[in-house]
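Peer 1: Protein sequences appear in the order of chains A and B. Going letter by letter, the first sequence gives residues 1 to 357 in this note's numbering. Going letter by letter, the second sequence gives residues 1 to 220 in this note's numbering.
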Amino acid sequence: MSWRISALLRETLLNLRANGTRTAFLFVGATLVFGSLAFAELRVASDLLAFQRSLVAGGGYVAIASGQEGVQAAGCAALAGQRGTVSSGGLRSRGQVTFATQPGVLFQAAGVTEGVLRVWDPSWRVPAASGAALVLGRAAATELGVRPGLPVTEVGERPTVTSVVETMQRNPQAGRWVLDVVPASGRVDECWVEFEPSAYEAGLASLSAQLTDGSVEAVTRPYLRQGEFARDPADELRDRPQRLGWLVTAALLTGIFALAAWFRRTELGLYIALGTPRSALALSFAFETWVVCVLAWAAALLWAAAFARVFDYSLTPGALRLAVVTSGSSALLVAAAAPLLCPLLARGSLAALLKDR
Amino acid sequence: MSIRLVGITHSYGPGTRVLRDLSLVVPPGETVALTGPSGSGKTTLLAIIGLLTEPSAGRVLFDGVPARQRGASLDRIRAEMFGWVFQTANALARRTAVDNAALGLLIRGYGHVEARTRARAALDAVGVGHLAQKEARLLSGGELQRVCIARALAARPRFILADEPTGQLDHATTLEVIEALLERRPAGTGVILATHDLEVAGRCARIVRIVDGRLVEEAR
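#1: Beta carbon of Arg76 (chain B), beta carbon of Ser36 (chain A): below 8 Å?
#2: Taking 8 Å as the CB-CB limit, is His130 (chain B) close to chain A?
#3: Please list, in chain order, the chain A residues whose beta carbon lies closer than 7 Å to that of Ile107 (chain B).
#4: Ignore the nearest five residues each way along the sequence and tell me which others in Leu79 (chain A)'s own chain have a CB closer than 6 Å to its CB.
#5: Could you tell me if Phe86 (chain B) is buried or exposed, where buried requires 16 or more neighbouring beta carbons within 10 angstroms of its beta carbon?
#6: Cβ of Ala180 (chain B) within 8 Å of Cβ of Val126 (chain B)?
#7: Who are the near neighbours of Arg357 (chain A) in its chain, counting only those whose CB is closer than 6 Å to its CB and skipping five residues on each side?
#8: Residues of the stretch 66–100 of chain B with a CB closer than 7 Å to any CB of chain A: list them in chain order, please.
#9: Could you tell me the alpha carbon to alpha carbon distance between Ala250 (chain A) and Gly29 (chain A), rounded to whole angstroms?
#10: Can you list the residues of chain B that Arg10 (chain A) reaches, using a CB-CB cut of under 8 Å?
#11: Would you say Thr53 (chain B) lies against chain A (beta-carbon separation less than 8 Å)?
#12: Thinking C-alpha only, which one of A:Arg347, A:Ala234 and A:Asp235 is nearest Gly269 (chain A)?
#13: In terms of residues, what are the limits of the alpha helix (DSSP H) holding His10 (chain B)?
#14: Starting from the C-beta of Pro277 (chain A), find all residues in its chain whose C-beta is less than 7 Å away, skip the five residues before and the five after it, and write them out in chain order.
#15: Closer than 9 Å by beta-carbon distance: list the chain B residues that pair up with Thr327 (chain A), in chain order.
#16: Kindly identify the DSSP beta-bridge partner or partners of Leu24 (chain B).
#17: Taking Val98 (chain B) and Gln145 (chain B) to be in contact with their CB atoms under 8 Å, please state how far apart those CB atoms are, rounded to whole angstroms.
#18: How long is the line joining the alpha carbons of Gly328 (chain A) and Ala296 (chain A), rounded to whole angstroms?
#19: What is the DSSP secondary structure of Arg92 (chain A), reduced to helix, strand or coil?
#20: Distance check for Thr31 (chain A) and Gln299 (chain A), CA to CA, integer angstroms please.
#21: Contact between the stretch 198–209 of chain B and the stretch 20–39 of chain B: three or more CB pairs below 8 Å?
#22: By the 10 Å Cβ neighbour count, where 16 or more other Cβ atoms means buried, how is Trp262 (chain A) classified, buried or exposed?
#23: Just the C-alpha distance for Leu74 (chain B) and Asp235 (chain A), rounded to the nearest angstrom, thanks.
#24: With burial defined as no fewer than 16 other Cβ atoms inside 10 Å of the residue's Cβ, what is the status of Arg321 (chain A): buried or exposed?
#25: Which chain A residues sit within Cβ distance under 7 Å of Leu103 (chain B)?
#26: Identify each residue in the stretch 10–43 of chain A for which the Cβ-Cβ distance to at least one residue of chain B is less than 7 Å, and report them in chain order.
#27: Does Glu360 (chain A) have its Cβ less than 8 Å from a Cβ in chain B?
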C-alpha cells in the first residue's frame, strides 16, 4: 500500500504553502514569462489584425473577372458557394439614365446580381421589394434627394428606391450608379468576387479557369493592385517570430522549475528513502507544477490584457485568441515537461541524495 | 522478521571497496549497534539493509527471502519494514513537526486525519508533543531528532535504522534521544544504529564492530 491520491495531493498543496517563497518565485517568474509572451502576441496581433481589417474593408481580397464577351452570370454567382469565397456577383452595364427631378443630369445605370452588392457593401441586405425597384449608390441618392422607400421618376418609369448601397470603400465610382437587381442569368460584363484572406491567393489564381467559358477566356485582376513592397498581414501573422515564443518560454520555465527542483534533492531523497514510489513523487511534482502553471497563466493573461489596454492595443477576439493559444501552449509544455525532470533528478544513489545540501 | 546478510561486498568504484564479505543475522526486535571508525562502512551497511543501496555482491534476506522475491516493490518494502533516523535529521524543514511525523504513515497509505492522530501520539511518546505545530527548521537539533524518531515510531516498522542519530548532539540530549529511540519503540520493532559513541552502543543488546569493511567483533 502506498500514498492515497487525496493524501498525496494534499501533501503537495501543503508543500506549496509551506515553501511560500519558492512558490511565489516560481509563480511570479512564470507569470512574467507567460505574460510577456501573451503581451507580445497582443501587440503584434492587434497591429496586424487592425491592418488586415482595414485591408479587408478596402477590398484587399476582392478580384474582378471580365472577358471580351463577358462571363456567365450563373458561374459567377455559383462561386459564392465555394469554400473560401465570401461573396460574388455579376455586373452588366446598361448605359445612362436621367430622372425627372434632375433633368439633364446623367447617371450610370447597371444591372447587378445581389452578390455584387454584398461585395461592394458587406453590410448590404436584400430589401423586400415589390414592383419596379432601384438600388442607388450613396452619391446618386444624395443628388436625387431620395432615401429608401421613396419613388423616383426615371424617364418613362416610376420605380421605388429600395435601398442605398455604400460603395465608397470598395467601388467609389458606383456611388453615382443606379442599379437594378437582376437574376444571375445570361452574361455579365464583370464578375466581382471577395475571398477569405487565407484563400485569396489560390482563389485569384484559379478564378480565370473557373470562369472561362469555352473559347472565351476570362481575364482576372485584383481590385487593389499590390506593389512589390505591399504588406500582406496574413503572411506577416503566419510568419511572426512570436509564434515560436511558446517553445522558447517553455524551455526557459522548464529550466527554472528544474533549478528549483535541483535544490530539493534532499527532500526528494527523503520521500524516496521513506518508501515513496518515484511515480508518486512524479505525480506530486506534476500537480505542483500544474497548480503554479495554471495560476500563473491566468494571472499572465490578466496583466497582458491590462497592459495592452494601457497601450491602447485593440483587444479583438482574434488577438486574444492568439495570446491565449500561444501562452497556453507554453504553459501546457511546461506542465508536461517539468514533472519529468523530477524522477531524473532523483536518480542515482539515495544515500548521496540524502547527504546532498 | 529477521534480517540476514550473506557475504555482503560493496564498492563505490575501482579501489573504493567499503564492505568486504560481511555476514550478519539480526533477529526480530533486537537492538544492534554498528560501531567502528569513520569510513569503516557502517552507513553503507545501513543503506544496504534499508534497501537504499544495492550491494555489489552478496544477499540481503528478510525471513530468508531476498527483497526482490517478496512480491512487492522495493519502495513498498522500504515503507513497511523500515523507519529511518538520519544523522543530519533529514526532515521537511518548512513543515510542522506533526507533518513530518505523519510522513511515514501517509506513505504507507494512511489517510490524513488518522496519520496526524498517530503522529501526535508518537510525538507525545518521545516528549515533543508540545512542539507539534512548530516548523521543523525552528526546532533544536535534539528536538528535531526526536521528531524524526517519532516519524519512525509512528509507522510501526519492523526495524528502525538510525545512522549516527546522536552524532551532533550534546551528552544530555544524546541520552534523551537514545531513550526515546530504544525505550519508546513498539514491541517487536528492532533497532539497528550506527554510532561512534560507545555509551550509546552500550544501550543496545548487541554491538557489532566493523573495521575496513569487515565484521571484526560482536559483543552482547
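All residues carry an ideal CB built from backbone N, CA and C; glycine is no exception.
Peer 2: According to the data block:
#1: no
#2: no
#3: Ser2, Trp3, Leu274, Gly275 and Thr276
#4: Thr85, Ser88 and Val193
#5: buried
#6: yes
#7: Bear in mind that a pLDDT of 43 at Arg357 (chain A), under 50, signals an unreliable position, so the number given afterwards is only what the model happens to contain. Answer for Arg357 (chain A): no residue qualifies.
#8: Ser73, Asp75, Arg76, Arg78, Ala79, Trp84, Phe86, Asn90, Leu92, Arg94, Arg95 and Asp99
#9: 12 Å
#10: His112
#11: yes
#12: A:Arg347
#13: Taken as a continuous stretch (DSSP letters only), His10 (chain B) belongs to no alpha helix (DSSP H), being part of the beta strand (DSSP E) at Ile3 to Ser11.
#14: Ser2
#15: The amino acid occupying residue 327 (chain A) in the given sequence is Ser; Thr does not appear at that position. Simply none; closest approach about 31 Å.
#16: B:Leu5
#17: Contact flag wrong, Cβ pair sits at about 16 Å.
#18: Between Gly328 (chain A) and Ala296 (chain A), the alpha-carbon positions lie close to 11 Å from each other.
#19: strand
#20: According to the sequence provided, residue 299 (chain A) is Ala. The question's Gln does not apply to it. Taking the straight line from one Cα to the other gives about 6 Å.
#21: Yes: the two stretches touch, three or more of their Cβ pairs being nearer than 8 Å.
#22: exposed
#23: 57 Å
#24: It is exposed - the Cβ of Arg321 (chain A) has fewer than 16 other Cβ atoms within 10 Å.
#25: Leu274
#26: Arg10, Glu11, Leu14, Ala18 and Asn19
#27: Here chain A covers residues 1 to 357 and nothing more, so residue 360 (chain A) does not appear.
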